[in-house]
Structures are given as C-alpha cells and as structure tokens.
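Structure first, then comments.
Numbering (full-length UniProt numbering), first residue to last: 1 to 316.
Structure representation (structure tokens):
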C-alpha cells in the first residue's frame with residue numbers, strides 16, 4: 001500500500017472517530033434533557049410537588065432540604081403532603097411544620113391525611129392550607145408525652161446497684177435507676193405542659209377554633225375522619241379528586257402532573273458498609289451504644305429522645 005492510500009485511510013478514520021464522538025455527545029445531551037424534564041425540582045416543567053411523610057417523625061434534615069427545594073422552585077405550583085404517621089418527637093414535628101409554612105408562603109399546601117396522622121402527624125397536617133382526610137382515617141391525639149424506663153426492681157433482683165454523685169438533685173432526672181422524686185416529676189410535668197400549651201395554641205391558630213374547644217379535643221383522643229370533620233380538625237373528606245378541586249380553587253391548573261420528591265436511597269453496598277462500621281464501633285468502642293446499629297438493621301427508629309407527641313396503642 002502506497003503512502004497516499006495510508007494517509008487517506010488515516011484521514012477517514014479520524015473523520016469517523018469525530019462523528020462517533022459527536023453522535024455520543026448528542027445522545028448524552030438528549031438523555032440529560034429528558035432527565036431534566038422529568039427530574040423533580042429541575043424546573044423544566046410546571047407540576048404539583050408531592051411529599052410523603054410516613055412512620056415515626058423525627059428531626060429529618062433531608063426532608064427539610066426537599067421542602068426548601070420545593071419552596072424555591074417556581075415550577076412547583078403547589079405541594080401535596082401525604083401523611084401516614086402515628087407521630088414522633090415534638091421537635092421533629094415542629095421543624096417540619098415550620099418548613100411547610102415556609103412553602104405555604106409561596107404556593108398552596110394541601111395536607112392529605114391517609115390511614116393515620118396522629119399527634120405530631122396531626123401537628124404537621126395543620127401546616128397545610130387545607131386538610132383533606134379519608135372518612136376512616138385516624139387523626140387527633142393532640143398532646144405531649146415524656147417516657148422513661150424504670151429498672152430499679154430488675155437491678156435489685158439481680159443484685160446490681162448504681163451509685164452517683166451529681167452537682168444538683170435534679171441533674172439527670174428522671175433516672176431509670178431509681179424512682180423519680182416529686183421535684184423531678186414536677187420539673188418534667190412543667191416541661192410537658194409547656195410544650196402541650198404550644199401544641200394547643202398552634203391548633204387554635206391554624207384551625208381558627210376557640211381555645212376552650214381545642215382543649216376539650218386535646219385530651220389525647222383520636223378521631224375518625226368523619227369525627228374530625230365534625231370537630232373542625234379537618235376541612236374536607238376525600239382523596240385525589242378533592243385535592244384537585246381545592247387546587248383549582250387556588251388557580252393551580254388541573255392538568256398539572258404530580259411529581260414525587262422522594263428521599264435519596266442509599267445503595268445496598270453503602271448500607272452494609274455503614275452498618276458494619278456502626279456495629280464495630282458499638283461492640284469495640286466506648287461507650288457501648290447499639291442504637292445506631294439497631295436502627296439500621298430494623299429500618300426503624302426504636303428510641304425517641306426527649307419530648308414526644310406520638311399515638312401509642314396499649315398492648316396490655
């Protein structure tokens with residue numbers, strides 16, 4: 001083969017390589033454009049944002065970030081919050097409530113009460129501009145709870161005692177290692193009642209009800225959706241059609257698609273790795289703390305720290 005033919009072949013190869021690269025880049029651009037069009041919060045098209053809050057409510061930084069993203073996204077014309085929760089920490093409910101109200105400053109927010117939205121779950125629901133529940137949904141349980149275990153009798157049976165030296169009588173009270181003093185009970189009750197008053201006032205403000213009426217409802221009772229509607233704790237009974245009808249009243253186009261803003265899920269490898277690290281730290285580190293490992297292995301938060309607003313079914 002002469003030098004001219006070799007040069008022509010090399011030139012042809014370079015041209016083919018160039019157009020292959022161009023084709024790949026075009027394909028990537030099309031894929032990225034399609035992903036941007038469908039990706040929640042990308043701003044590519046108008047939509048109705050939807051966030052699901054389920055299980056035990058806690059201080060959830062990732063959820064707060066999602067809500068902030070929805071608030072800042074002008075393409076998200078409204079927010080529907082679907083709630084299926086027995087409640088959780090009072091503080092967790094508080095920060096999510098405030099985040100939802102920030103969203104409501106810019107666009108309509110609908111609280112969609114599903115099977116259960118009690119205690120802190122109902123607290124979050126009151127952040128919506130309207131609350132829509134099913135006829136048989138469970139809601140209410142307005143109140144605050146502080147629980148602590150008592151291990152004194154068990155320790156006495158196995159012959160274990162705990163000695164302590166502390167700076168003041170109320171430090172680290174109440175303790176699971178001895179019965180709480182009356183002073184400790186008074187301190188905790190004052191804290192519980194202060195948070196309870198805050199919860200009641202929040203319901204008074206958001207539901208536009210007399211405080212005396214809310215106090216009658218705020219004895220820890222739970223209600224079906226029908227009962228809650230009669231008590232004015234929710235605004236309407238229904239589901240997707242009623243949500244669409246409300247949004248139509250708020251000038252949100254009825255043909256907008258719902259877009260679910262979901263939490264980022266960790267891969268199986270990272271889950272195994274983090275669980276192994278936590279397990280090793282729990283077993284070989286000090287102090288011994290198995291809570292993070294247990295939470296990851298069970299998929300649920302088993303221990304709630306501080307004041308809680310949660311509906312609990314009596315197992316006795």
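Ideal Cβ positions, reconstructed from N, Cα and C, are used throughout, including at glycine.
From a predicted model like this one, the values you see are computed outputs, not experimental measurements.
Report task. Return helix, strand or coil for residue 13, following the three-state DSSP convention. Result -> Translated into the one-based positions of the chain shown, residue 13 becomes position 13. Helix, per DSSP.
Query raised in the report: DSSP state of residue 126, grouped into three classes?
Result: The sequence position of residue 126 within the chain shown is 126, counting from 1. Of the three classes helix, strand and coil, the one that applies to residue 126 here is coil, per DSSP.
Query raised in the report: What are the boundary residues of the alpha helix (DSSP H) that residue 67 is part of?
Result: Taking the chain shown and counting its residues from 1, one reaches residue 67 at position 67. Here the alpha helix (DSSP H) through residue 67 covers 61-72.
**Report entry** Between the CA atoms of residue 194 and residue 200 - distance to the nearest angstrom
**Finding:** The count along the chain shown starts at 1 and reaches residue 200 at position 200. The count along the chain shown starts at 1 and reaches residue 194 at position 194. Between residue 200 and residue 194, the C-alpha separation is close to 10 angstroms.
Query - Nearest-angstrom Cα separation, counted from residue 166 out to residue 114 - result: Mapped onto the chain shown, residue 114 falls at position 114. Mapped onto the chain shown, residue 166 falls at position 166. Roughly 47 angstroms between the two C-alpha positions.
Query raised in the report: Based on Cα-Cα distance, which residue from 128, 150 and 116 lies nearest to residue 134?
Result: Position 134 of the chain shown, counted from the start, is the residue given in the question as residue 134. Here the closest residue by C-alpha is 116.
Query raised in the report: Per DSSP, what kind of secondary structure is residue 114 in: helix, strand or coil?
Result: Here residue 114 refers to the residue found at position 114 of the chain shown. In the structure shown, residue 114 sits in a strand (DSSP, three-state: E or B).
Query raised in the report: Residues bridged to residue 224 by DSSP?
Result: Translated into the one-based positions of the chain shown, residue 224 becomes position 224. According to DSSP, residue 224 bridges with 138.
Query raised in the report: Any idea which residues DSSP pairs residue 50 with across the strands?
Result: Reading the chain shown from its first residue, position 50 is the one you call residue 50. In the DSSP output, where bridge partners are listed per residue, residue 50 has 80 and 260.
Query raised in the report: Among 90, 123, 70 and 89, which residue has its Cα nearest to the Cα of residue 102?
Result: The sequence position of residue 102 within the chain shown is 102, counting from 1. Nearest option by C-alpha distance: 70.
Query raised in the report: Per DSSP, residue 89 is paired with what?
Result: Taking the chain shown and counting its residues from 1, one reaches residue 89 at position 89. BP columns for residue 89 point to 308.
Report task. Please name the residue in 250, 187 and 96 whose C-alpha comes closest to that of residue 61. Result -> For the purposes of this step, residue 61 is identified with residue 61 of the chain shown, where counting begins at 1. Of the candidates 250, 187 and 96, the one whose C-alpha sits nearest the C-alpha of residue 61 is 96.
Query raised in the report: If you scan the region 224-251 from start to end, which runs of the beta strand (DSSP E) of 3 or more residues do you find wholly inside it?
Result: none
Query raised in the report: So, are the CB atoms of residue 141 and residue 119 less than 8 angstroms apart?
Result: Locating residue 141 in the chain shown gives position 141, counting from the first residue. Locating residue 119 in the chain shown gives position 119, counting from the first residue. Yes, Cβ-Cβ distance for residue 141 and residue 119 is below 8 angstroms.
Query - Proximity test, Cβ basis, 8 angstroms: residue 200 and chain B - result: In summary, chain B is missing from the structure at hand, where a single protein chain is found.
Report task. Please report the residue range of the alpha helix (DSSP H) in which residue 171 lies. Result -> The residue labelled residue 171 in the question sits at position 171 within the chain shown. Run containing residue 171: none; DSSP gives neither H nor E here.
Report task. Identify every residue that forms a DSSP beta bridge with residue 133. Result -> In the chain shown, counting from the first residue as 1, residue 133 sits at position 133. According to DSSP, which records beta bridges pairwise, residue 133 is partnered with 113 and 237.
Query raised in the report: Under the rule that 16 or more other beta-carbon atoms within 10 Å means buried, what is residue 81, buried or exposed?
Result: As a position in the chain shown, residue 81 is number 81, starting the count at 1. Residue 81 is buried by the Cβ-count criterion.
Report task. Mark residue 258 as exposed unless 16 or more other C-beta atoms lie within 10 angstroms of its C-beta, in which case mark it buried. Result -> The sequence position of residue 258 within the chain shown is 258, counting from 1. Exposed.
Query raised in the report: Can the beta-carbon of residue 126 be found less than 8 angstroms from the beta-carbon of residue 202?
Result: If you number the chain shown from 1, residue 126 lands on position 126. If you number the chain shown from 1, residue 202 lands on position 202. Cβ atoms of residue 126 and residue 202: closer than 8 angstroms.
Report task. Return the chain-ordered list of same chain residues with a C-beta closer than 6 angstroms to the C-beta of residue 52, the five sequence neighbours on each side being excluded. Result -> The residue you call residue 52 lines up with position 52 of the chain shown. Cβ neighbours of residue 52 beyond the five flanking positions: 82.
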